[in-house]
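Student: There's a structure below that I have some questions on.
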Amino acid sequence: MTRVDTERTITVTVNGVPREATVPVRRLLSDALRHDLGLTGTHVGCEHGVCGACTVIVDGAPVRSCLMLAVQVDGSEVRTVEGLAHDDHQGGQVMHPVQEAFRECHALQCGFCTPGFLMTIAAGLEGRDNSVEISEEEVDEMVGGNLCRCTGYANIKKAVHHAAAAMKDDA
Amino acid sequence: MKPAPFSYADPGSLDEALEVLAEEGAKVLAGGQSLLPLLSMRLAAPATLVDINRVPGLDAVDVTDDGVTVGALVRHHALLHHDAAARVQPLLARATANVAHPAIRNRGTTVGSIAHADPSGEMTSVLALTDGSVTVAGAAGTDTVGWRDFFVGPLETSIAGPAVVTSAFFPALPPRSGTAFAEIARRKGDYAVCGAGVVVTLDDDRRVTSARASYVSVGIVPEVHDLTEAVAGAPVEKADWAAAGALARTLVEPDTDIHASADYRRLLVGVLTERTLAEAAAEASARATRE
């Protein structure tokens, strides 16, 4: 018999760490990350899939976390902006090349949309062969689903090129 | 902006899904990229969501010479990058490239957007333009429903009672034919103010024998408009695509809404029709040379 629930306990690996949460089934993934798991780096903008601020990476693919239910990621791997940087084993952290590029290119101003951009671009660049130079069209396609209302896209696009070049050298 | 409370089931088989769907107020959840916004804005408040993502056998793209069958769990992203499907029916990749943004295409399903029956959806109009059909599994068994009988109104299909649309079939592009798809949107990936998909077919002497179009965000259900009379028999290089665009403007019945007036949409229908027909004709001509 199929279980019909109003609440479920889910296990999800977030940024490499297995986490468990008991959530009402209507809980959006974006809210589960912020409220149930305390990861407030994922920002909630429009809450209906238009702005892209809440973008996270689920099982390798960038998705809008406001357009998924938390119960749908049971057993999945989720990466959020908190998981982009890695430890330098001296008590500090090393920023992801996309974060570094955003700093370098001044690709953020108020910062509200930034986590969504970072996750979208990180997934996009990690999923491509960066030895091939990224085209302007590809950059537009990559960031076109994310809204920024203050920085403007010029510096964000510059950061994508910058990060792509850095990731080519890293590879 | 939070969904109203509901119950949730994620059955492991189609039969179990149909069982839960038989309950009052139950609704299918596949990709959820249209459904979740409706829930969050409380435009829909189903009692139970039946998540079909664990149902096996619904995630395949089957390509034959006759056409492409797309399973209910195939994401737009997968169809967009399916080379074999694009060879048999090029409109699939062309249209899915216009569906929202990459992050939404990663979750959203092609069949789900058809079952959602939004007249602003690209794949509803492609199903119509290719003269496609859907397979509907219900309590009484499985039915194939042609697109004309499937789309009843905006966000409304002919499905009655508990059922799952398990696949959509898009017939192959005929020989000596070409296609094109284009949209006008305020931001690329947003809902189109107007979109157009077209198919042009030539005869052995490269004269136009058929020119058909289907539009996005124009009218309340997908329709196919035959524009052949404006260009019939014309050599492909000399066909008057502007005349076909003018004809299209007289055939459509767009509505005015917050995004655009009916008159502006009608204008766009003319512009996009002329542009896409010329592009499709060039492709038809190139294919005719190869075939």
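Protein chains in written order, with this note's numbering: chain A, 1 to 171; chain B, 1001 to 1291. Where is the CB? At the ideal position from N, CA and C, for every residue including glycine. The structure presented is a predicted model; accordingly, all values stated were derived computationally and were not measured.
So A1072 (chain B) and T1109 (chain B) are supposed to be a Cβ contact under 8 angstroms. How far apart are they, rounded?
Tutor: Between T1109 (chain B) and A1072 (chain B) the Cβ distance is about 6 angstroms, and since that is below 8 angstroms, they are a contact.
Student: So, for A123 (chain A): in the same chain, excluding its five sequence neighbours on each side, which residues have a beta-carbon less than 6 angstroms away from its beta-carbon?
Tutor: These residues qualify, in order along the chain: I57 and P62.
Student: Please report the residue range of the beta strand (DSSP E) in which L1049 (chain B) lies.
Tutor: Its beta strand (DSSP E) spans residues T1048 to D1051.
Student: What are the partner residues of E1122 (chain B), as DSSP defines its beta bridges?
Tutor: Note: E1122 (chain B) sits in no beta bridge, so no partner.
Student: Give the interface partners of L1036 (chain B) over in chain A, defined as CB-CB distance under 9 angstroms, in chain order.
Tutor: Here the neighbours are L28, H48, G49, R64, C66, L67, M68 and L69.
Student: Taking a cut of 9 angstroms between CB atoms, which residues from the segment 1036 to 1063 of chain B lie near chain A?
Tutor: Cβ contacts with chain A come from L1036, P1037, L1038, L1039, S1040, M1041, T1048, L1049, V1050, D1051 and N1053.
Student: Tell me, to the nearest whole angstrom, how far the beta carbon of I1184 (chain B) is from that of L1268 (chain B); I am working on the premise that it is less than 8 angstroms.
Tutor: That pair is a contact at about 5 angstroms.
Student: Spell out whether any CB of chain B is found under 8 angstroms from the CB atom of T11 (chain A).
Tutor: Closer than 8 angstroms: no.
Student: Of all the alpha helix (DSSP H) runs that stay within the bounds of the segment 1059 to 1146 of chain B, which reach a length of 4 or more residues?
Tutor: Qualifying alpha helix (DSSP H) stretches, in chain order: 1076 to 1080, 1083 to 1088, 1091 to 1096, 1102 to 1105, 1110 to 1116 and 1122 to 1129.
Student: So, is D31 (chain A) buried or exposed, given that buried needs 16 or more other C-beta atoms within 10 angstroms?
Tutor: Classification of D31 (chain A): buried, given that the 10 Å Cβ count is 16 or more.
Student: Could you give the residue range of the alpha helix (DSSP H) that holds R103 (chain A)?
Tutor: It spans P97 to C105 - the alpha helix (DSSP H) in which R103 (chain A) sits, taken as one unbroken run.
Student: Expressed to the nearest angstrom, what Euclidean distance is found between the alpha-carbon atoms of L1021 (chain B) and C105 (chain A)?
Tutor: Distance between the alpha carbons of L1021 (chain B) and C105 (chain A): 52 angstroms.
Student: In the segment 1101 to 1123 of chain B, which residues sit with their C-beta less than 7 angstroms from some C-beta in chain A, listed in chain order?
Tutor: Of all residues in the segment 1101 to 1123 of chain B, H1101, P1102, A1103, I1104, N1106 and R1107 have a Cβ within less than 7 angstroms of some Cβ in chain A.
Student: Just the C-alpha distance for N15 (chain A) and S76 (chain A), rounded to the nearest angstrom, thanks.
Tutor: One C-alpha to the other measures close to 11 angstroms.
Student: By the DSSP assignment, the beta strand (DSSP E) with R1290 (chain B) in it spans what residues?
Tutor: Unbroken run through R1290 (chain B) is the alpha helix (DSSP H), A1262 to R1290; no beta strand (DSSP E).
Student: Check for me: the beta strand (DSSP E) holding R64 (chain A) runs from which residue to which?
Tutor: R64 (chain A) -> beta strand (DSSP E) spans A61 to R64.
Student: Could you check whether the segment 1223 to 1240 of chain B touches the segment 1154 to 1172 of chain B, counting it as contact only if at least three pairs of C-beta atoms, one from each stretch, sit closer than 8 angstroms?
Tutor: Segments in contact, no.
Student: Run through DSSP, which three-state label would I10 (chain A) get?
Tutor: Looking at I10 (chain A) - three-state DSSP - the assignment turns out to be strand.
Student: Would T6 (chain A) count as contacting chain B if we go by Cβ distances under 8 angstroms?
Tutor: Closer than 8 angstroms: yes.
Student: What residues of chain B sit near A32 (chain A), judged by a beta carbon separation below 7 angstroms?
Tutor: Within 7 angstroms Cβ-Cβ: nothing; A32 (chain A) doesn't reach chain B, min ~12 angstroms.
Student: Do S1217 (chain B) and A1182 (chain B) have their C-beta atoms within less than 8 angstroms of each other?
Tutor: No, these two residues do not count as a Cβ contact at 8 angstroms.
Student: Is the distance from the Cβ of A1180 (chain B) to the Cβ of E1279 (chain B) below 8 angstroms?
Tutor: Cβ atoms of A1180 (chain B) and E1279 (chain B): closer than 8 angstroms.
Student: At 8 angstroms on the CB atoms, spell out the chain B contacts of V25 (chain A), in chain order.
Tutor: Within chain B, the residues near V25 (chain A) are F1006, S1007, Y1008 and L1049.
Student: Taking the alpha-carbon of A1100 (chain B) as reference, which of B:S1113, B:T1135 and B:I1220 has the nearest alpha-carbon?
Tutor: Residue B:S1113 is the option with its Cα nearest to A1100 (chain B).
Student: Here's a check: name, in chain order, each residue in its chain whose Cβ is nearer than 6 angstroms to the Cβ of H86 (chain A), leaving out the five neighbours to either side.
Tutor: Counting only Cβ-Cβ distances below 6 angstroms, and skipping sequence neighbours, we find V94.
Student: Determine contact between the segment 18 to 37 of chain A and the segment 1078 to 1094 of chain B, defined as no fewer than three beta-carbon pairs at a distance below 8 angstroms.
Tutor: Verdict: no, contact absent.
Student: Got a sec, what are the start and stop residues for the beta strand (DSSP E) P1171 (chain B) sits in?
Tutor: Counting along the chain, the beta strand (DSSP E) containing P1171 (chain B) begins and ends at A1163 to P1171.
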